[in-house]
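Trainee: Be aware that the sequence shown starts at 985, since it is given in the working numbering, and climbs by one per residue.
Virtual Cβ for every residue (Gly too), placed ideally from N, Cα, C.
Remember, it's a predicted structure, so these values are computed and weren't measured experimentally.
Once you've had a glance at the structure underneath, I'll fire off some questions.
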Amino acid sequence: RAPTSVAYAENQSMFLDSLVGDAAWRGRYARDRHGNIVPWELLEEEIRATKPYEVFELRRMLCVPYFEKALYELPEEELSPQKLQDLALEVETFCLGGLAPRPVLSIPHIISDES
């Protein structure tokens, strides 16, 4: 058994991913090869170019819990491989407006006694 919980490890991972992308953090700690702080104008340019699209990543991550909820609410007599594929397509269409770049059914889940 791992020395930490899966939920805690995932939380820590998401926090660290967001930290290194934070403009305030990068403006203070990110440096080039010569030790110079990255110019704010460069950080601002990146923010303006990428920030409007971050919602797509959030919506993509929401596909998994929406799919799991729909799956758990599905009556057992309706459960079939085709129904699972149809359900995944419905969720992707609802969350993303179409097919996901990475299909919901291809996202691995950690095998754990906590899941």
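Could you give the DSSP three-state label for residue 1044: helix, strand or coil?
Mentor: Your numbering for residue 1044 matches position 60 in the sequence shown. Residue state, collapsed to three classes: helix.
Trainee: Can you tell me where the alpha helix (DSSP H) with residue 1065 in it begins and where it stops?
Mentor: Locating residue 1065 in the sequence shown gives position 81, where the first residue counts as 1. 1065-1080 is the span of the alpha helix (DSSP H), which, as asked, contains residue 1065.
Trainee: So who's on the other strand from residue 1015, going by DSSP bridges?
Mentor: Along the sequence shown, one-based indexing puts residue 1015 at 31. BP columns for residue 1015 point to 1021.
Trainee: Use the C-beta contact count for residue 1042: other C-beta atoms within 10 angstroms, 16 or more gives buried, fewer gives exposed.
Mentor: Here residue 1042 corresponds to residue number 58 of the sequence shown, with the count starting at 1. Exposed, because fewer than 16 other Cβ atoms sit within 10 Å of the Cβ of residue 1042.
Trainee: According to DSSP, is residue 1084 helix, strand or coil?
Mentor: Here residue 1084 refers to the residue found at position 100 of the sequence shown. Three-state DSSP puts residue 1084 in coil, outside helix and strand.
Trainee: When the distance is taken between beta carbons, is residue 1003 closer than 8 Å to residue 1009?
Mentor: Within the sequence shown, residue 1009 is the residue found at index 25, counting from 1. Within the sequence shown, residue 1003 is the residue found at index 19, counting from 1. Taking 8 Å as the Cβ cut-off, residue 1009 and residue 1003 qualify as a contacting pair.
Trainee: For the putative contact between residue 1005 and residue 1022, defined by C-beta atoms under 8 Å, what is the C-beta separation to the nearest angstrom?
Mentor: Indexing the sequence shown from 1 puts residue 1005 at position 21. Indexing the sequence shown from 1 puts residue 1022 at position 38. That belief does not hold up - the Cβ atoms of residue 1005 and residue 1022 are roughly 13 Å apart, past 8 Å.
Trainee: By alpha-carbon positions, which one of 1086, 1061, 1085 and 1053 ends up nearest to residue 1071?
Mentor: Along the sequence shown, one-based indexing puts residue 1071 at 87. Looking at the Cα atoms, 1053 is the closest of the given residues.
Trainee: CB-CB under 7 Å to residue 1079, same chain, minus the five flanking residues each way: which ones, in chain order?
Mentor: In the sequence shown, residue 1079 corresponds to position 95, counting from 1. 1043, 1046, 1047 and 1050, listed in sequence order.
Trainee: Classify residue 1088: buried if its beta carbon has 16 or more other beta carbons within 10 angstroms, exposed otherwise.
Mentor: Translated into positions along the sequence shown, residue 1088 becomes position 104. Counting Cβ neighbours within 10 Å, residue 1088 comes out buried, since at least 16 surround it.
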